[in-house]
Amino acid sequence: LIALLLFAELRNGWLIQTSSKSFAVHAATSTEKQEWMAHINKCIEDLLRKSGKKPAATHAAVWIPDNEAAVCMHCKRTQFTVLSRRHHCRKCGSVVCAPCSNKRFLLPSQSAKPLRVCLTCYDVLSRDKTVSGKPMAGNTATADKDVSRTSRSDSSGEDDSDDDTDDANHNPDNIMPADQFKLYDES
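Here UniProt numbering is used: the first residue of the sequence shown is 1, the next is one more, and so on.
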């Protein structure tokens, strides 16, 4: 859980981050926020203590909201319309166009299937995988038409829905403990 204190309109918000999903949550008041955060932290601590597991070291990216990006955050050229859809990079959360997210890469903490990533993240992930000396099996570079063909029903452009998760979202390994709060501003 990370408190969002950078902007006045976000002061009652915080991030819930796990290795498979991350998202922002907002409360109506500061008091409500503190109560929710205290309760969630207690649940996290209890779950980690009972399971004997450690908190996740990496977390899924929080997606940039669709309404925050009128154009592709990668190429800065493609304007989003009904025909030119928004897609989210599963690694960094950026809103990108189809040509800038036509690659897939296996992110084991998020899915057993290769997921849509932007070109920048694909390059970094591929380079890191190659440098580490491990084979890149399971990581695929797919043509844009192949990516879009498999994902028509979801506005995010991803066919990897919650329907096929194997309780990864409920795994105590994926939970951030209370002592890892990151407050951006103490005011």
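Glycine included, each C-beta is placed from N, C-alpha and C at the ideal position.
Bounding residues of the alpha helix (DSSP H) (the contiguous stretch that carries residue i)
i           : result
residue 126 : 119 to 131
For residue i, three-class secondary structure by DSSP
i           : result
residue 110 : coil
residue 64  : coil
residue 39  : helix
residue 104 : strand
residue 83  : coil
residue 147 : Its pLDDT being 46, under 50, residue 147 is placed unreliably in this model, and the value from its coordinates should be taken loosely. Of the three classes helix, strand and coil, the one that applies to residue 147 here is helix, per DSSP.
residue 188 : One cannot answer for residue 188 here, as it falls past the ends of the chain, which runs 1 to 187.
Anticipated Cβ contact below 8 Å, residue i with residue j, distance rounded
i           : j           : result
residue 19  : residue 59  : 6 Å
residue 116 : residue 89  : 7 Å
residue 118 : residue 100 : 6 Å
Contact set for residue i: own chain, Cβ-Cβ below 7 Å, skip 5 residues either direction
i           : result
residue 78  : 71, 72, 84, 97
residue 108 : none
residue 66  : 86, 95
residue 25  : 13, 14, 16
residue 27  : 12, 33, 36
residue 93  : 61, 62, 63, 64
Boundaries of the beta strand (DSSP E) in which residue i is found, first to last residue
i          : result
residue 25 : 22 to 26
residue 13 : 13 to 17
Close Cβ partners of residue i (< 6 Å) along its chain, the five nearest in sequence each way excluded
i           : result
residue 131 : none
residue 125 : 105
Contacting residues, own chain, Cβ-Cβ under 8 Å from residue i (five flanking each side not counted)
i          : result
residue 30 : 11, 12
residue 23 : 15, 16, 62, 63
residue 68 : 95
residue 52 : none
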